[in-house]
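In this text, residue positions in the sequence shown follow our numbering: the first is 257, and each later residue adds one.
Glycine included, every Cβ here is placed at the ideal spot set by N, Cα and C.
To start, the structure under review is shown below, and the notes come after it.
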Amino acid sequence: MERFGREYAQLCAAAGAVPQEAVLRCLRESDGARGRLDLAAQSLSLQTCGALGRLLPGAAPFTALALGDCGLSEEGVRLLLHGLCSNTTVKSLDLKGNNLRATGAEALGKLLRQNKSIRSLTLEWNSLGMWEEGFSFFCQGLRANNFLQRLDLRNNQINHQGAGELAMALAQNTSLQELDLRWNNIGLLGGRALLNCLHSNKTLKRLELAGNNVPGDILKAIEQALDHNQDREAILSEAQNQVDILSKEVLSLKDEKKKQFMDFVNTVDKQKEEKARSEKMSAARVSQLQEALDEQNSLMNSLKTKLQMTEAALALSEQKVHNLGELLNAMKQEQNCVAECHFRELQQQKQEGADRESRLLHDLSAASEKNLLLRNQVDELERKCKVQQDQLFQVKQDFTKTTAELKLRAVEAEEHLETEKRRFKQSLEDMESLRVKEVDRMTQHMEASERSLQNRIQRLEAIRISLEEELSQVKAAALTERGQAEEELMKVRSQARLEEQQQLEHLKEKLRLMTESRDEAQNCCLKQKEMVAEAQAKAKQLSLYADGLRRRLDELQQDLDSKEEEKVTELNKVKVELQEQIGHLEAERTAQDGLREKIAALERQLKALSSNHREALLDKEGEISLLLEKLRMKEAEISRMREEEAQRASFLQNAIMAYVQGSPLGTHSSRK
């Protein structure tokens, strides 16, 4: 506020005028925290008005401006109001007791057309009604303004013509809530004009007309119209609050559904991770068993090679023994031949001498020694053959032991595989139990949401009953105005017939749409039943879960039929009410607008309820389809895992059989 005062002083100095001390003092003493500038009862000069008018555009450091009893001139008022046209912070303006005239009224009209921040305007003790053109311009500004809420026009010498201008402005104004016209000259015609404008103005709640020579019946009618506006505003505010509450509840339900869906997705991801982890562990164990089997195969191959080497050595030794036997036989034959030759030579050469006989004896001894050596070699070869046969027998025993150990290990591997299968089946059963629990929890939540919807419907029924009571009260009040309604009875009848036809056509269209939506919902339910039947045929192990889904679908169908019947009954009730209202239209001209608005509010509520119910059904159908899709995915994964386990078991069995059949023990038994 001090900066505002400095700028005011600077502008006055720039204009060559002396700033008013009273204005500076008011600026210093004004309460900046409360945002009010009080210049009431200060005589403001034209230079001060010009400086303030240049400071007011934009954002000012106050929200209330009091300029009452300041003796403002026409030019000063114009400068001040011109500055306020573009102001964005002043919400309350007080100009009482300034004797505003035609120029001031035109400036006020311009202010009302351009300013969007002023909510309260006080014009008490002025003479705006004396200048018809200026007041007409002021009323045009009021007609274009949609932000002013309170207007004080006390003691402004407004006659019935000014009241007519003001009534035309009020007929199009949608923001003014309080209007004070006390102590003017409105009279009977002005009162009727204001009463007629209240039929189209639904926002004005308070209208003061004391001291205007307005008849009492018109004052009562105006008061009833204002009460009607207040009731309408209260109903609208209550309906808006209910709509806000319902929207918040819908958002909270959507958030809860999103959270539940995310939790379900997280549980499915965790189950997938656990399954992948178990598959990795089983694959690692199978690889370990395969590695052990490969090691055993390598050991068996090494034993086979050793056995083949020993067999080859045995064959070589047998070949050597056979060769030595043949050599021994040849030597024996040769010895026999030599002995025969020597015997013949001995018989032939007995006469040759003793020296030849001694030489022959020496040769015979040498041959005998050589024969002994050959016999020793044969014995040694036979002993070596026995040792090799013992080694071969030991090798065969080792081979039988190793084959027995391999069989034991294969049996242990099969037992381990069976335990892994049982553990995997147990994990699958646990997962299925968790899934069943999740489905039960979802069904409980859906039942709770349905109960909450039923409670809301009951509350709406209570509201409808209260509205009907208010309607009866309005009918009782409207009976007093029957005399005034007889003049326009023929017009109202024709309008009522047209409106009746339009409303009946509209209701028929609504009934057709409701039946179409019901058929669509029934078709969707039938499709869901077919999908559930297919899922039952595909998944025999999840039959309990599928039966629960089918029962849930039947319950939803029954709920849908019951709600459709309730809607039909409500529509019939609305039809009956409309027919009764049409029958009583002769005595209810003034109350007919209020009844139409209430009926429209009820129809909007019905539309909102039907749309909410349809959205809830669509959400539930989407959830059911998602659950069925996840069920099919789980079944596919289970079948795939079963096939993989069966393939792995068949591969392991074939490998063991091939190993047993291709082992040396099998070949040895076949040879035997």
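Residues of its chain near residue i, where Cβ-Cβ distance is below 8 angstroms and the 5 sequence neighbours each way are ignored
| i | result |
| --- | --- |
| R375 | K347, S348, F403, L404, Q405, R406 |
| Q370 | C341, S342 |
| T825 | none |
| S573 | L637, K640, C641, Q644 |
| T569 | At residue 569 the sequence reads Ala, which differs from the Thr that was named. Within the same chain, A569 has close Cβ partners Q644. |
| I414 | L384, G385, F391, L422, L437, N440, N441, I442, G446 |
| Q647 | T566 |
| Q814 | none |
| E258 | L283, R284 |
Cβ-Cβ separation, residue j to residue i (assumed contact under 8 angstroms), whole Å
| i | j | result |
| --- | --- | --- |
| K823 | M770 | 6 angstroms |
| F260 | P317 | 5 angstroms |
| G385 | G418 | 5 angstroms |
| A322 | A296 | 5 angstroms |
| D367 | R310 | Residue identity check: residue 367 is Leu in the sequence provided, not Asp. Incorrect: roughly 16 angstroms between the Cβ atoms, too far for contact. |
| R929 | R438 | This structure does not reach residue 929, given that the chain is present from 257 up to 928, and the question cannot be answered. |
| E464 | D500 | Actually they do not touch by this definition, with Cβ atoms about 33 angstroms apart. |
| R904 | V542 | 6 angstroms |
| A320 | G291 | 6 angstroms |
| L827 | L763 | 7 angstroms |
| A425 | R399 | 4 angstroms |
| I894 | L684 | 7 angstroms |
| Q546 | L662 | Going by Cβ atoms, the distance from Q546 to L662 rounds to 14 angstroms, so no, they are not a contact pair. |
Coil, strand or helix - residue i by DSSP
| i | result |
| --- | --- |
| L302 | helix |
| S204 | Outside the shown range of the chain (257 to 928) lies residue 204, about which nothing can therefore be said. |
| N343 | strand |
| R697 | helix |
| G353 | coil |
| L432 | coil |
| S329 | coil |
| A237 | The question about residue 237 has no answer here: the residues shown for the chain are numbered 257 through 928. |
| G256 | Missing from the structure shown is residue 256; the chain here goes from 257 to 928 and no further. |
| G918 | helix |
| E380 | coil |
| N460 | It is Leu, not Asn, that sits at residue 460 in the sequence shown. Reduced to three states, the DSSP call for L460 is coil. |
| L454 | coil |
| R845 | coil |
| R284 | helix |
| L630 | helix |
| R438 | coil |
| A270 | helix |
| G314 | strand |
| S941 | For residue 941 there is no data in the structure shown, the boundaries of the chain being 257 and 928. |
| L422 | helix |
| L407 | strand |
Neighbourhood of residue i by C-beta, 6 angstroms cutoff - its chain only, sequence neighbours within 5 removed
| i | result |
| --- | --- |
| K352 | G324, T378, E380, W381 |
| A307 | Y264, L267, C268 |
| Y915 | none |
| D775 | none |
| L908 | none |
Rounded separation between residue i and residue j - CA only
| i | j | result |
| --- | --- | --- |
| S728 | Q837 | 11 angstroms |
| A427 | G397 | 13 angstroms |
| E821 | K831 | 15 angstroms |
| S929 | E877 | Nothing can be reported for residue 929, as the shown portion of the chain is limited to 257 through 928. |
| K766 | E772 | 10 angstroms |
| E853 | I478 | 19 angstroms |
| N452 | I474 | 10 angstroms |
| L492 | Q751 | 26 angstroms |
| G443 | P471 | 8 angstroms |
| E670 | H701 | 47 angstroms |
| R929 | R533 | The chain is shown only over 257 to 928; residue 929 falls outside these bounds and no answer can be derived. |
| L203 | A548 | Outside the shown range of the chain, which is 257 to 928, sits residue 203, and nothing can be said about it. |
| D875 | S508 | 14 angstroms |
| K819 | L754 | 31 angstroms |
| E706 | K794 | 31 angstroms |
| L328 | E859 | 55 angstroms |
| T561 | L602 | 60 angstroms |
7 angstroms CB neighbourhood of residue i in its chain, flanking five on each side removed
| i | result |
| --- | --- |
| K458 | N485, R488 |
| R697 | none |
| V387 | The sequence shown places Trp at residue 387, not Val. Correct list, in chain order: R357, A358, A361. |
Residue i CB to nearest heavy atom of the ligand NAD below 7 angstroms
| i | result |
| --- | --- |
| K458 | Looking at this structure, you won't find the ligand NAD or any other ligand, since it has none at all. |
Can at least three beta-carbon pairs, one atom from the stretch 473-491 and one from the stretch 416-432, be found at a separation below 8 angstroms? They do not touch, by the three-pair rule.
For the 8 angstroms Cβ check, are there 3 or more pairs between the stretch 265-275 and the stretch 298-313?
Touching, per the Cβ criterion.
So, do the stretch 512-522 and the stretch 708-720 have three or more beta carbon pairs nearer to each other than 8 angstroms?
Result no; under three Cβ-Cβ pairs closer than 8 angstroms.
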